[in-house]
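In the order they appear, the protein sequences are chains A, B, C, D, E and F.
Sequential numbering of the first sequence, starting at 186, is according to my numbering.
Sequential numbering of the second sequence, starting at 186, is according to my numbering.
Sequential numbering of the third sequence, starting at 186, is according to my numbering.
Sequential numbering of the fourth sequence, starting at 186, is according to my numbering.
Sequential numbering of the fifth sequence, starting at 186, is according to my numbering.
Sequential numbering of the sixth sequence, starting at 186, is according to my numbering.
All C-beta atoms in this analysis are idealised placements derived from N, C-alpha and C, irrespective of residue type, glycine included.
None of the values given here were measured: they were computed from a predicted structure.
There are 6 protein chains.
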Amino acid sequence: MYLDDLTTFEFGERLSSNRDTVVILPIGVVEEHGAHLPLSTDSLQSEYIAEALATELDALLMPPIRYGICNSTRNFPGTISLSFNTFRALIQEILEELCRHNVSNIVILSGHAGRIHMAALRVAADRVLEKFNVKMMILSDYDIIYKYAGKEFPEWDGHAGSVETSRIMAIRPELVKGRGERSKPNFPQYRILRHPEKCFPSGVMGDPTTASAEKGEKWNKLVVDELKKLILDMVASEE
Amino acid sequence: MYLDDLTTFEFGERLSSNRDTVVILPIGVVEEHGAHLPLSTDSLQSEYIAEALATELDALLMPPIRYGICNSTRNFPGTISLSFNTFRALIQEILEELCRHNVSNIVILSGHAGRIHMAALRVAADRVLEKFNVKMMILSDYDIIYKYAGKEFPEWDGHAGSVETSRIMAIRPELVKGRGERSKPNFPQYRILRHPEKCFPSGVMGDPTTASAEKGEKWNKLVVDELKKLILDMVASEE
Amino acid sequence: MYLDDLTTFEFGERLSSNRDTVVILPIGVVEEHGAHLPLSTDSLQSEYIAEALATELDALLMPPIRYGICNSTRNFPGTISLSFNTFRALIQEILEELCRHNVSNIVILSGHAGRIHMAALRVAADRVLEKFNVKMMILSDYDIIYKYAGKEFPEWDGHAGSVETSRIMAIRPELVKGRGERSKPNFPQYRILRHPEKCFPSGVMGDPTTASAEKGEKWNKLVVDELKKLILDMVASEE
Amino acid sequence: MYLDDLTTFEFGERLSSNRDTVVILPIGVVEEHGAHLPLSTDSLQSEYIAEALATELDALLMPPIRYGICNSTRNFPGTISLSFNTFRALIQEILEELCRHNVSNIVILSGHAGRIHMAALRVAADRVLEKFNVKMMILSDYDIIYKYAGKEFPEWDGHAGSVETSRIMAIRPELVKGRGERSKPNFPQYRILRHPEKCFPSGVMGDPTTASAEKGEKWNKLVVDELKKLILDMVASEE
Amino acid sequence: MYLDDLTTFEFGERLSSNRDTVVILPIGVVEEHGAHLPLSTDSLQSEYIAEALATELDALLMPPIRYGICNSTRNFPGTISLSFNTFRALIQEILEELCRHNVSNIVILSGHAGRIHMAALRVAADRVLEKFNVKMMILSDYDIIYKYAGKEFPEWDGHAGSVETSRIMAIRPELVKGRGERSKPNFPQYRILRHPEKCFPSGVMGDPTTASAEKGEKWNKLVVDELKKLILDMVASEE
Amino acid sequence: MYLDDLTTFEFGERLSSNRDTVVILPIGVVEEHGAHLPLSTDSLQSEYIAEALATELDALLMPPIRYGICNSTRNFPGTISLSFNTFRALIQEILEELCRHNVSNIVILSGHAGRIHMAALRVAADRVLEKFNVKMMILSDYDIIYKYAGKEFPEWDGHAGSVETSRIMAIRPELVKGRGERSKPNFPQYRILRHPEKCFPSGVMGDPTTASAEKGEKWNKLVVDELKKLILDMVASEE
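If you want it as structure tokens, here you go:
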């Protein structure tokens, strides 16, 4: 399942025999997620989904990257945030190496959905497309889940909230410390702040008290099912 | 109204006498906007709003920048797109120069709302905040308008569509060539494409045929009113 | 006249039908120009000349850039100065985008004539020539005017002096505040100074008291006439 | 054991209560290791040692990075190699983030020992020391093992050779495919080659046929014991 | 005379005992200079002057740098040209190292006078002044000599012409091959050219046939005398 | 012997008539070498060897570079150290210029053997090989000499020690001040230190008291002989 479990020659043969091999790069961050969820929260989600997809699609997984760009949470203890340019370059170079080795279907799945973090992934991919003809998909699993916001959960439920807590309860329940604290932060609109953490000192944006492992399993399954379909569409597409 | 209409000493005195002076930087792009709207479409909107705000708030306007980052439209004739890093650095350095001159309330208003373009503005501002204690607001006027999507106009109306066409009809009607063409593009989800223009060969995402100058005036007024309030809130805020 | 007044398809057709289309990029700065001239002084001059040339040559004008590199004036209130690399990259990328759209005759006209500022423009152009075969001309209108220094005006007349004041009196008289102050600065030769402004606290290098709108009109006409000829030579040249 | 298993507040308290907390960053690469060892070979070794050290020293482990700089193996299928600058920046920024969070004892342990790869780690650390007063140790476990070269194993045994194969047999025997092939490459001295892989087409530099899990356990234990002592010395040292 | 002839402790004592010690960095290039002058022509001149100044002023000489930026000559055999940014960074870092070691009077003397080359030196110095309070002078010896153009030699005499040939005849006569060829190039004004060498295929801009060692000695003496005075002024100045 | 003693046309003809011409770039540093050796110690050695090789092989010498990367000695008076990226770029661009001029056999010989310094040279060369097909060799003369460590001199003899002192006694005896001081530093293993100079305040790692000019001559001859053979092998090799 993991690409680097293979030997060099096994990898070479795999690519030669199946040019449509899908390679998935799971991305997470080390980031504050309230008093109840671990710093690895985003990593756990994307790696869980990526492993499920790898099984279903016989895809290869790249070694996960648990470093990315965190913005509003950057001043909480333990949050690790890279600069835009370094994160962009890291992803771009890994993509280019995959292209050099003839991989032609790549999915980058990020458990973290910050706007700047996601923009870095897209800029990386855009630059790769200037050099290589490769099919790529980039998303956070929350791009899928948030289509249900305002319907299945409140629109303001987000970071360390009900959905995210539910998913970690389903994936790694032993890392969840208690039920969490409901918190609806009030950010001044469009402002760029030096101390965004002052707007949500609990580190939560949402209502983790309504979380459950069952809900988490539902969301995880939903993401896997939808992504599986989209990846197969990409493999079948002409460009 | 424009900062550079002042002499050096007038500017110095203005800042000394009113440390709360708001400085607005209008941003646009040179970008394809269908067969009916000019390449300056995004520039016209942010400059129009910025001038209205400057009048209402006695703010100073920086010389507009009509260069930014365009992604899905980049392969249409005439679209000019900068790299992320160059655009980020340009904005960051201008912001740092304003801070060096003791400006303490800055608004960046972009007529273009592309995700990567907006991310570059935010990264620029974040870096400035590491060095200077300044109050900043960054937005596209479409951040305000899109809160009404699905209510006052279809959710899929966007680039060169009904709202945007209406606004240019209100601002510079002589630059609108005919009624435009309705087009609802179908982008494959989450894909990064070499040729996104193939998904909307007309260059339109929306229905410009329903546009009118009256609607445009309404949207323009709405943006000015809401922004005026938000900027006053920022000036009054502690940080 | 302005390139971005066109729609994408109008621009595409214009370039297809006339491969010799000249595109002019006017450059200015936000820079101290004494107690009598606005911070926009350099921008006003290059934009005025560029518009006159566009009319005479049926050329297209790029949206002006009013940001560049200022050195000896950088510590006066209001002067905005970019780093060499950011300004170079900005210009280089705009040039490359024009080349990508098949523009083959480009003129960069800068109202500001600082050595480092001009060097950045030239380095940008040199890099573009490594990739594209395009005809380019780069100059400040003062490159032309200074051929007359020591003859029609004193050699030491420069920044915010007689010629420059005359030209703004001709272009935007309402922005000229009084007659200005005569000042002949004494810079220590070849020194690189932390505080060059101490050598000319009035912000003037020259004698603005001898300025007149008539002189300004003469200089403006002279620049337009000479540039028109040089641009036609470039268009007619083989490389 | 893993830092990101903690919540933000647990991490904050851990650092406050024990300023001497050691943080270990394990580094590996995705790199050709002959027909018998997986691409993850270097990652497996540093992560194994790091986990053993974390247990013995109650240290915190950072999420491992399995991306680095590979040189002589870069043209074999599956090898992923970053540029010097990107890898250096990635490590530097992670180190700076740890310093920002008051970590004062850091160990970077790399399973890969390439000269350029190791130089990038050292340059990263040097730059961090310009800003932060932190105690750091950087090494490959092969820095320790190679002190025994020429004594306990032939000097020419290296990449995918006897020692490395033994260690993987001890750590993840199920990933070892057969016994490997003895190969003593003959590189032209001091040359920088476009195709270094031609000098060792088997991808092996050493004699894996003499490997055994017992030997691997011995080497692993030796590295853990020696490193434990060195890390305790660092914690106890004044700078 | 050369700084690096000293031991570390001799250098330390020298700086402690005389904080006004002047350090001179001679710069040259490897550049085409016609059929009669060596590629080292610019290096020979600045090193000759620097050595004379070091003797007269008891100054320290840095190891010369014979690499810089060449533009119009870049396509002739043997011309070596660095990028702007690399040359700027090289000079900036050397300057910063001198400042770190408490040098407070620095002269950069370049035998090459190309505009972009000189701009790189100035940008380097400007950045150093943002961090260190140091007195610096940057010039080409031709900045001094060209004040006599149009008087003592024709204005169009320059690269490999009468003055330059005379100076090499005085400095290293054995490297002068014959009398050279008179050539008055005709560059199209303000153009940036891909092949500037086509405008002067002989590689000469001037009239070397009028050169003599006597003239060269006169120019060399004139530069030394004037520079000596200017450097003493700088040492005596307050900033 | 020195490439820049030639005129442009002589250089062009030399390369045309002998495509196998070897070009050698000698590299040194300005670096502390104890109380008895000059800051130019490393430069003197590589330049001496390079000149000897140029004579024996009819090779061309590039103007020496006496600037590089110093690490453990950086805080001693007079040591000049460049950043990795600037030094790498400087070397890379010089190599690329040589390749542009059709040089196909290049030797970089560094008198300084620091790990980061040498890594920068190798990274520069690797990047050149991505663009040009050229034969390159990169080494410090100490790469050759250290094969004899533990045999002909103690393993711990290094910086400013017996061998190095002997060589300077043979090359420039007038720059050697006394016999030097024996010193065996004790660096904590694998540590990255802010103040490495505290581990060897004399600036010596070795025993210079056992040095002699005769030993120095022997080492110099040995390096020349071995390098001559290796360079001829490279010229004769296919790639």
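- In the three-state DSSP reduction, C/His-302 falls in the helix class (H, G or I).
- Straight across, the Cα-Cα distance linking F/Leu-417 with A/Tyr-187 is about 46 Å.
- Rounded to whole angstroms, the separation of the alpha carbons of D/Lys-332 and D/Ser-422 is 24 Å.
- Going by beta carbons, B/Gly-363 and B/His-218 fall outside the 9 Å limit.
- The CB of F/Ser-422 comes closer than 9 Å to the CB of Pro-373, Arg-376 in chain D, given here in chain order.
- Below the 7 Å Cβ cutoff, chain E contributes Ala-304, Arg-307, Val-308 as neighbours of C/Ile-301, in chain order.
- Only Asn-256 from the stretch 237-261 of chain C bring a Cβ to less than 8 Å from some Cβ of chain E.
- In this structure D/Glu-399 is exposed. Its beta-carbon is surrounded by fewer than 16 other beta-carbon atoms within 10 angstroms.
- The Cβ of A/Asp-311 sits closer than 9 Å to at least one Cβ of chain B.
- Under the 9 Å criterion on CB atoms, A/Asn-405 is classed as non-interfacial with respect to chain B.
- Looking at the DSSP output, D/Ile-209 sits in a beta bridge with D/Leu-246, D/Val-292.
- Secondary structure at B/Phe-338: strand, using DSSP grouped into helix, strand and coil.
- Nearest CB-CB separation between A/Leu-191 and chain B: not below the 9 Å threshold.
- With a threshold of 9 Å between beta carbons, C/Thr-206 makes no contact with chain B.
- DSSP places A/Lys-403 in the uninterrupted alpha helix (DSSP H) bounded by 398-421.
- In this structure, A/Ile-323 and B/Tyr-375 form a Cβ contact; the two beta carbons are roughly 6 Å apart against a cut-off of 8 Å.
- Here DSSP, grouped into helix, strand and coil, assigns B/Ile-356 to helix.
- Excluding its 5 nearest sequence neighbours in each direction, C/Leu-224 has C-beta neighbours in its own chain below 8 Å: Val-215, Glu-216, Glu-217, His-218, Gly-263, Thr-264, listed in chain order.
- Minimum Cα-Cα distance from B/Ala-305 among the listed residues B/Arg-273, B/Gly-335, B/Ile-356 corresponds to B/Arg-273.
- Spatial neighbours of D/Ile-330 in its own chain (CB-CB distance under 8 Å, excluding positions within 5 residues in sequence) are listed in chain order as Val-348, Trp-404, Leu-407, Val-408.
- If you check the CB distance, A/His-297 and A/Ser-268 do not come in under 9 Å.
- E/Leu-200 is not a Cβ neighbour of E/Gly-213, given a cutoff of 9 Å.
- Listed in chain order, the positions of the stretch 220-234 of chain F with a beta carbon within less than 8 Å of a beta carbon of chain E are Ala-220, His-221, Leu-222, Pro-223, Leu-224, Ser-225, Ser-228.
- According to DSSP, residue pairing for E/Leu-324 in a beta bridge involves E/Leu-294.
- Residue pairing of B/Tyr-187 in beta bridges, as defined by DSSP: B/Leu-246.
- Against B/Glu-217, the close residues of chain C are Thr-193, in the order they occur along the chain (beta-carbon pairs closer than 7 Å).
- Nearest Cα to C/Asp-342 within the set C/Cys-284, C/Lys-369, C/Ser-257, C/Val-207: C/Lys-369.
- Residue environment: C/Phe-385 is assigned as buried (16 or more neighbouring CB atoms within 10 Å of its CB, all protein chains considered).
- Interface residue (Cβ-Cβ distance to chain B less than 9 Å): C/Phe-317 is not classified as such.
- At a cut-off of 9 Å between C-beta atoms, E/Thr-264 counts as an interface residue with respect to chain F.
- Put simply, the backbone Cα of D/Ile-250 is about 48 Å away from that of C/Ser-289.
- Judged by their CB atoms, D/Ile-279 and D/Lys-320 are not nearer to each other than the 9 Å cut-off.
- Of the residues D/Cys-255, D/Ala-237, D/Arg-357, D/Met-247, the one whose Cα lies closest to the Cα of D/Ile-301 is D/Cys-255.
- For B/Leu-324, the chain A residues whose C-beta falls within less than 7 Å of its own C-beta are Tyr-375, listed in chain order.
- Here DSSP, grouped into helix, strand and coil, assigns B/Arg-376 to strand.
- Cα atoms of F/Arg-367 and F/Asp-227: separation of roughly 19 Å, rounded to the nearest angstrom.
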